[in-house]
Amino acid sequence: IIEGKNQSEIKEKILSKFYYNKALIYLKIAASPDAEIQALATDANDIAAGSILDLIKFESTSSKPRYTQDAKNEVPNIAYNYLVAAGIAYESEDYEGSYNGYISAYELKKNELLGDFAQLDTGLLFNAGIIAGMAGNTEASVDAFRACLDLGYKGITYTATYVATDQPKQYANKVLMTKDVELGLASDPIVGEDVRSSVFISLINAYKKLEDTENYDAALSEARVMYPENKDLLDIQLQAFLDKKDYDGALANLDEAIAKSPEKAIYRFVKGNILQTEVKDLDAALTEYQAAIEIDSTLSDATYMCGLVFIDRANKVSEQMNGLGLSETRKYDALKKKQKEIFLTSLGYFEKALELKADDMDIVRALMEVYRKTGDYQKSLDMKTILEDAGE
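Start counting the sequence shown at 2; every next residue gets the next number (my numbering).
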């Protein structure tokens, strides 16, 4: 009856009570464990939220707001219902529905009509961003992560063991946790890590998925400045340089990575590969490959690439041989001998690489050629047989 009337025809007191009671009724429907009751209004929580906000807006111009404070006190319950629904949707792999639950709770809690009661719950926003990505809604994911960073989200958790239950208890902030510890109500306080760098990584990956190069580069640069020691961000930047074929940038990045993580052979290997294939500095490349092998002697790729460096050297000798005149037999023979020695050196690397990775046909193919070049024709044929059996 009231909904069908013009608001000006209804007494202020009655309309306030109507909005408030409507919110309570639909809140109970949304929170009911009874499926039949919930089925009375599948959007009950949305209606409850809307009614609360309508009430607050209506009473904001009233000289005597009757239910505003009580209405604000119901906001956490409505937000909780959204999160329950989000959890159920997530368990059933309805990620879009789960995202809607998280973002609805976030939007409600921060609504400006709540005044001082409003709250920017960036934890909800961060979860919404993650689940939006799982739902394939990358744009929403970007919006959430960017907003989290702009709002200063750090994701730090405050946990202590509650003495009465001997169970972990999470606190909203450090002050509350410290207070309980000082009162003897809790013990073993733990302050979680700042996860802001992880938010940057999530944002950067989302920009990459959207192929938004400008924002990808901007976010990556911002993150590297803020977290210069973060190795994950360093690796992402390295890949970005490689994707853009910015080898000067990649080499500088690799030097930084090697300094920070000297135990990681992969950095030396990648640097060697760039030096060999792009810079054409075979000596420097070999140094990096050998350094990688010293760190990890089982790295077959680095061992194989050492062999290829010597193949490149042998090919350069071939160029010298081809440039000789017909009368320069002595020089030709000397170069031929030198070339065979180089091939034999490469052979040692390829044989070791095959021991490490027997199913790598690139290694077998290299061995077939080097055995032939060094005059070991039977072994060359053996390698050819392996290739044929593998369907190569």
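We treat Cβ as the ideally placed atom computed from N, Cα and C, and that holds for glycine.
If you check the CB distance, Ala258 and Ile296 do not come in under 8 Å. With respect to Tyr305, Phe351 sits close: the two C-beta atoms are nearer than 8 Å. Counting the other CB atoms within 10 Å of its CB gives Tyr83 a total of 16 or more, which places it among the buried residues. Per the coordinates, the alpha-carbon of Gly88 lies some 17 Å from the alpha-carbon of Asp47. Linking Ser93 to Ala86 through their CA atoms gives a straight-line distance of about 11 Å.
Straight across, the Cα-Cα distance linking Val76 with Asn138 is about 27 Å. Per DSSP, Gln168 is not a residue of any alpha helix (DSSP H); the beta strand (DSSP E) it occupies stretches across 168-172. The C-alpha of Gln238 is placed about 39 Å away from the C-alpha of Ser319.
For Val192, the beta-bridge partners assigned by DSSP are Tyr159. As computed with DSSP, Ala187 is found in a beta bridge with Tyr163. If you draw a 10 Å sphere on the C-beta of Val365, you find 16 or more other C-beta atoms in it, and that means buried. From the listed residues Asp195, Asp313, Val164, the smallest Cα separation to Ala187 is found for Val164. Setting aside the 5 residues that flank it on each side, Asn128 is surrounded in the same chain by Tyr103, each with a C-beta closer than 6 Å to its C-beta; the list follows chain order. Spatial neighbours of Gly250 in its own chain (CB-CB distance under 6 Å, excluding positions within 5 residues in sequence) are listed in chain order as Phe242. In this structure Leu255 is in contact with Val271, their Cβ atoms being roughly 6 Å apart against a cut-off of 8 Å.
Ala49 and Asp244 have their C-alpha atoms roughly 50 Å apart. The residue from Asn78, Ala42, Asn22, Ala32 with its alpha-carbon nearest to that of Arg67 is Asn22.
By the Cβ rule, the segment 142-150 counts as touching the segment 113-132, because three or more pairs are nearer than 8 Å. Apart from the 5 residues on each side of it in sequence, Asn216 sits with its Cβ closer than 7 Å to the Cβ of Tyr208 in its chain, given in chain order. In the three-state DSSP reduction, Val280 falls in the coil class, being neither helix nor strand.
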